[in-house]
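> Residue numbers (the numbering used here), protein chains in the order written: chain H, 24 to 164; chain P, 476 to 864. A virtual CB, placed ideally from N, CA and C, is assigned to each residue, including glycine.
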Amino acid sequence: MDSKILILRFPKTEVQKPVVCNLARKYDLTFNILNATIFPREEGLMVLELSGPRKKFKEGVLYLKDQGVNVKTASQDIKRIDKKCTHCGACTAVCPTGALYIQRPEMVVIFDQKKCSICELCIFACPTRAMKISPSAHTFF
Amino acid sequence: MRKLKVQKSYRDINDKIKSGDVVVVTAEEIIDIVKEEGPVEAARRVDVVTTGTFAPMCSSGAFINFGHATPTIKASKVWLNKVPAYAGIAAVDCYIGATEPCEDDPLNKVHPGTFNYGGGHVIQDLVAGKKVHLKVTAYGTDCYPNRMIEKEIAIRSIPNAVLCSPRNGYQNYNCAVNLTNKTKYTYMGILKPKAGNANYCSAGQLSPLFNDPYYKTIGLGTRIFLGGGVGYVTWAGTQHNPSVKRSPAGFPLRPAGTLWTMGNLKEMHPDWLVGVSILGYGCSLAVGLGVPIPILNEEIVQYTAVTDEELYTQVIDYGNDYPNGVSKSLGEVSYAELKSGFITLKDKTIRTVPLSSIVKARKVAETLKDWILKGEFTLGEPQFTLPAG
Numbered sequence: 024m025d026s027k028i029l030i031l032r033f034p035k036t037e038v039q040k041p042v043v044c045n046l047a048r049k050y051d052l053t054f055n056i057l058n059a060t061i062f063p064r065e066e067g068l069m070v071l072e073l074s075g076p077r078k079k080f081k082e083g084v085l086y087l088k089d090q091g092v093n094v095k096t097a098s099q100d101i102k103r104i105d106k107k108c109t110h111c112g113a114c115t116a117v118c119p120t121g122a123l124y125i126q127r128p129e130m131v132v133i134f135d136q137k138k139c140s141i142c143e144l145c146i147f148a149c150p151t152r153a154m155k156i157s158p159s160a161h162t163f164f
Numbered sequence: 476m477r478k479l480k481v482q483k484s485y486r487d488i489n490d491k492i493k494s495g496d497v498v499v500v501t502a503e504e505i506i507d508i509v510k511e512e513g514p515v516e517a518a519r520r521v522d523v524v525t526t527g528t529f530a531p532m533c534s535s536g537a538f539i540n541f542g543h544a545t546p547t548i549k550a551s552k553v554w555l556n557k558v559p560a561y562a563g564i565a566a567v568d569c570y571i572g573a574t575e576p577c578e579d580d581p582l583n584k585v586h587p588g589t590f591n592y593g594g595g596h597v598i599q600d601l602v603a604g605k606k607v608h609l610k611v612t613a614y615g616t617d618c619y620p621n622r623m624i625e626k627e628i629a630i631r632s633i634p635n636a637v638l639c640s641p642r643n644g645y646q647n648y649n650c651a652v653n654l655t656n657k658t659k660y661t662y663m664g665i666l667k668p669k670a671g672n673a674n675y676c677s678a679g680q681l682s683p684l685f686n687d688p689y690y691k692t693i694g695l696g697t698r699i700f701l702g703g704g705v706g707y708v709t710w711a712g713t714q715h716n717p718s719v720k721r722s723p724a725g726f727p728l729r730p731a732g733t734l735w736t737m738g739n740l741k742e743m744h745p746d747w748l749v750g751v752s753i754l755g756y757g758c759s760l761a762v763g764l765g766v767p768i769p770i771l772n773e774e775i776v777q778y779t780a781v782t783d784e785e786l787y788t789q790v791i792d793y794g795n796d797y798p799n800g801v802s803k804s805l806g807e808v809s810y811a812e813l814k815s816g817f818i819t820l821k822d823k824t825i826r827t828v829p830l831s832s833i834v835k836a837r838k839v840a841e842t843l844k845d846w847i848l849k850g851e852f853t854l855g856e857p858q859f860t861l862p863a864g
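1. What does DSSP give as the partner residues of Ile564 (chain P) in its beta bridges?
2. Mind checking the stretch 575-598 of chain P against chain H and listing, in chain order, the residues whose C-beta falls within less than 9 Å of any C-beta there?
3. Which one of P:Ile505, P:Ala565, P:His744 and P:Arg837 has the shortest CA to CA distance from Lys605 (chain P)?
4. Can you tell which of P:Gly593, P:Asn591, P:Val523 and P:Tyr675 has its C-alpha closest to the C-alpha of Phe817 (chain P)?
5. Whole angstroms is fine: what's the gap from Phe859 (chain P)'s alpha carbon to Gly694 (chain P)'s?
6. Compute the Euclidean distance between the alpha carbons of Tyr756 (chain P) and Ser534 (chain P), then round it to the nearest angstrom.
7. Tell me, please, whether the CB atom of Ala761 (chain P) is closer than 8 Å to any CB atom in chain H?
8. Under 8 Å between C-beta atoms, does Phe147 (chain H) make it to chain P?
9. Using a cut-off of 9 Å between C-beta atoms, extract the partners of Arg127 (chain H) located in chain P.
10. Can you tell me which of the three DSSP states Phe685 (chain P) falls into?
11. Taking the alpha-carbon of Gln714 (chain P) as reference, which of P:Ala678, P:Pro862 and P:Ala518 has the nearest alpha-carbon?
12. What number of angstroms, rounded off, separates the C-alpha of Ser159 (chain H) from the C-alpha of Gly563 (chain P)?
13. Can you check DSSP and say which residues form a bridge with Asn55 (chain H)?
14. Could you list which residues in chain H have their beta carbon closer than 7 Å to that of Lys835 (chain P), in chain order?
15. May I ask you to report which of helix, strand or coil DSSP gives His110 (chain H)?
16. Between Gly696 (chain P) and Tyr707 (chain P), how many whole angstroms is the CB-CB distance? I'm expecting something under 8 Å.
17. Which value, in whole angstroms, describes the spacing of the CA atoms of Val500 (chain P) and Val524 (chain P)?
18. Might you give, ordered along the chain, the residues of its own chain that have their beta carbon closer than 7 Å to the beta carbon of Pro34 (chain H), omitting 5 neighbours on each side?
19. In three-state terms, what does DSSP make of Ile104 (chain H)?
20. Quick check on Pro166 (chain H) - is its C-beta less than 8 Å from some C-beta in chain P?
21. Write down the C-beta distance between Pro587 (chain P) and Tyr660 (chain P) rounded to the nearest angstrom, noting that I regard them as a contact closer than 8 Å.
22. Can you tell me where the beta strand (DSSP E) holding Val524 (chain P) begins and where it ends?
23. Kindly list the residues whose CB is nearer than 7 Å to the CB of Glu774 (chain P), restricted to its own chain and excluding five residues on each side of it in sequence; keep chain order.
24. What are the residues in the stretch 720-753 of chain P lying within 8 Å of chain H by C-beta distance?
25. For Phe529 (chain P), return the contacting residues in chain H, with the cut-off set at a CB-CB distance below 7 Å.
26. Taking three-plus beta-carbon pairs below 8 Å as touching, is the stretch 497-515 of chain P in contact with the stretch 808-823 of chain P?
27. Quick check: the stretch 758-769 of chain P against the stretch 632-646 of chain P, are at least 3 beta-carbon pairs closer than 8 Å?
28. When the Cα atoms are used, what is the spatial distance from Phe54 (chain H) to Leu31 (chain H)?
29. At a Cβ threshold of 8 Å, is Val92 (chain H) touching chain P?
30. Quick one: what's got a C-beta closer than 7 Å to Cys165 (chain H)'s C-beta in the same chain, skipping five residues either side?
31. Which same chain residues end up closer than 6 Å to Phe164 (chain H) when comparing Cβ atoms and leaving out the 5 residues on each side of it in sequence?
32. For Ala651 (chain P), report the span of its alpha helix (DSSP H) as first-last.
33. Pull up the CB-CB distance for Cys114 (chain H) and Met154 (chain H), whole angstroms please, since I reckon it's below 8 Å.
34. Can you name the residues of chain H whose CB is closer than 7 Å to the CB of Ile775 (chain P)?
Here it is as structure tokens:
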């Protein structure tokens, strides 16, 4: 089983196609949409968690690329500067996926990057600005 | 008044610190000791209980004397890294307040503002030894003819830098929710609509003033951990209000006592004075603060053994009530519930969000304990204790 959070960017010409639906029907992949936006110039952005057998997963991503969708892994995009984090917990108010959570009873704030949907809400919710959007996002495959 | 079985003086404890025989434990460690041995035995054995807290404390700031220039200047207006400092005191003194935003900050013009840099950040940068840009303007006098200076200063090169904060270490604080239909950006953090989360800000059983609820040992001259260095309690903090409703055991159920604190900024550390940006609200300074409680008798040790289960606060609506000056309590919750991650309010389960770092509060208490055990830190006997109502 492969499970990854992907950022998909749809060009204006592709937003009308049922691409994600086909991922499930043709490639038997499970998806969970974490974020979806259509920008004023009609390009689309979607963040989704995709999981399925490794082979199907690869085929599915290739299908996306054939459709002109720009695919990036999301798991590297938000980082925490650990030295700046004071473990106050303010970020947990906004994190929608539970990627930022408090480990009890130690009351340590944990950042589980695998659960991060790159919503970016933590960036300005963090009082010490310990959360950063990392420029190191690389292309998938 | 019942007779106390254990009676120790500050001098007794300080002698033990000097001879290396002192017994010091943290406010968390004392809980089980009192539970197992009882308060009398615990008071005989333990000499000092250390407390700690680390959270944004908006009423913080520092007096800076940046030294004379040639020709001399009497500052009218002062900026440190573009953050205005108050200059209405003598020639080259100023006061930089934690919540002062950078002069060109867009504030809340696009709501919620991000407030990336302010007075708290200036203080952290100074303490970290970074160069800070100083700009001074003046109207010019016969004795101080200069009208403007601009230069880089660093904490090493200026004559004085003193942290002086009129309100720190609040004894208890509100738990904030938002009952409106829109997200609110408050000094209590981001509050989602319809009581989507409940934010609170106290170290609970580790918090300094919760461990000495009637200020029997805290007053002018109490030596403390402040910003990573040594500081003092110099007065009751502003808004010090000991007369709020208390639990039968004597612990306040609402915000109550506060501390006025002071210390040499030059001896402090940037890990314990951290500039913070509170979305939609403003800038502030997170301060590490720890007070050692001398165990003079069994009554005092009993107070220090307080647990999160016995400490309560009120849930307040910061959506409508608070901004309208209404202090209606929506319910009373314990710090044990708050720290568990969920509270129940009118049959609804609400996720809790802390704003006060327990990780760093523990580290303050541990550091203070370490200093005392090493004999580097002795207790300051207060000239008078804070008003207890």
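Reading it off the structure:
1. Position 89 of the second sequence, counting from 1, holds the residue named residue 564 (chain P). Answer is none; Ile564 (chain P) lacks a bridge partner.
2. Pro587, Thr589 and Asn591
3. What you label residue 605 (chain P) is simply residue 130 of the second sequence in a count that begins at 1. Among P:Ile505, P:Ala565, P:His744 and P:Arg837, the Cα nearest to that of Lys605 (chain P) belongs to P:His744.
4. The count along the second sequence starts at 1 and reaches residue 817 (chain P) at position 342. Per the Cα distances, P:Tyr675.
5. Numbered from 1 along the second sequence, position 384 holds the residue referred to as residue 859 (chain P). Numbered from 1 along the second sequence, position 219 holds the residue referred to as residue 694 (chain P). Each residue's Cα considered, the two are about 6 Å apart.
6. Looking up residue 756 (chain P) in the second sequence gives position 281. Looking up residue 534 (chain P) in the second sequence gives position 59. Those two C-alpha atoms are separated by around 14 Å.
7. For the purposes of this step, residue 761 (chain P) is taken as the residue at position 286 of the second sequence. With 8 Å as the cut-off, Ala761 (chain P) counts as an interface residue toward chain H.
8. Walking along the first sequence from the start, residue 147 (chain H) turns up at place 124. So, interface residue.
9. In the first sequence, residue 127 (chain H) corresponds to position 104, counting from 1. Near Arg127 (chain H) (Cβ distances below 9 Å), the residues of chain P are Lys814, Ser815 and Gly816.
10. As a working mapping, residue 685 (chain P) is identified with position 210 in the second sequence. Three-state DSSP puts Phe685 (chain P) in a helix.
11. Stepping through the second sequence from its first residue, residue 714 (chain P) is reached at position 239. Looking at the Cα atoms, P:Pro862 is the closest of the given residues.
12. As a first step, residue 159 (chain H) is located in the first sequence; it is residue number 136 there, counting from the start. As a first step, residue 563 (chain P) is located in the second sequence; it is residue number 88 there, counting from the start. Model confidence at Ser159 (chain H) stands at a pLDDT of 49, short of 50, so the residue's coordinates are unreliable and nothing is read from them.
13. As a first step, residue 55 (chain H) is located in the first sequence; it is residue number 32 there, counting from the start. H:Glu72.
14. Start at 1 with the first residue of the second sequence, and residue 835 (chain P) comes out as number 360. Neighbours of Lys835 (chain P) on chain H, chain order: Thr109 and His110.
15. Taking the first sequence and counting its residues from 1, the one referred to as residue 110 (chain H) is at position 87. It is coil, neither helix nor strand.
16. Indexing the second sequence from 1 puts residue 696 (chain P) at position 221. Indexing the second sequence from 1 puts residue 707 (chain P) at position 232. The Cβ separation is near 6 Å, so the contact holds.
17. As a working mapping, residue 500 (chain P) is identified with position 25 in the second sequence. As a working mapping, residue 524 (chain P) is identified with position 49 in the second sequence. Distance between the alpha carbons of Val500 (chain P) and Val524 (chain P) is about 5 Å.
18. What you label residue 34 (chain H) is simply residue 11 of the first sequence in a count that begins at 1. Result list for Pro34 (chain H): Glu66 and Gly91, in chain order.
19. Numbered from 1 along the first sequence, position 81 holds the residue referred to as residue 104 (chain H). It is coil, neither helix nor strand.
20. Any answer about residue 166 (chain H) is impossible in this case: the structure gives chain H only from 24 up to 164.
21. To locate residue 587 (chain P), count along the second sequence from 1; it is residue 112. To locate residue 660 (chain P), count along the second sequence from 1; it is residue 185. So it is a contact: roughly 4 Å between Cβ atoms.
22. Locating residue 524 (chain P) in the second sequence gives position 49, counting from the first residue. Counting along the chain, the beta strand (DSSP E) containing Val524 (chain P) begins and ends at Val523 to Thr525.
23. Within the second sequence, the letter at position 299 stands for residue 774 (chain P). So the list reads Leu479, once near-sequence residues are dropped.
24. Val749, Gly750, Val751, Ser752 and Ile753
25. For this step, residue 529 (chain P) is matched to residue 54 along the second sequence. Going along chain H in sequence order, the residues near Phe529 (chain P) (Cβ under 7 Å) are Thr109.
26. no
27. yes
28. The count along the first sequence starts at 1 and reaches residue 54 (chain H) at position 31. The count along the first sequence starts at 1 and reaches residue 31 (chain H) at position 8. For Phe54 (chain H) and Leu31 (chain H), the distance between alpha carbons rounds to 13 Å.
29. Your numbering for residue 92 (chain H) matches position 69 in the first sequence. So no, Val92 (chain H) is outside the interface.
30. Only positions 24 to 164 of chain H appear in this structure, which leaves residue 165 (chain H) out of reach.
31. Here residue 164 (chain H) is taken as the residue at index 141 of the first sequence, counted from 1. Confidence is the limiting factor: at Phe164 (chain H) the pLDDT is only 42, short of 50, which leaves the residue's position unreliable, though a coordinate-based value still follows. So the list is empty, once near-sequence residues are dropped.
32. In the second sequence, the residue the question calls residue 651 (chain P) occupies position 176. First-last for Ala651 (chain P): Cys650 to Val652, but that is the beta strand (DSSP E), not the alpha helix (DSSP H).
33. Position 91 of the first sequence, counted from the first residue, corresponds to residue 114 (chain H). Position 131 of the first sequence, counted from the first residue, corresponds to residue 154 (chain H). Confirmed, about 7 Å.
34. As a first step, residue 775 (chain P) is located in the second sequence; it is residue number 300 there, counting from the start. Those within 7 Å of Ile775 (chain P) in chain H number zero; the least Cβ separation is about 26 Å.
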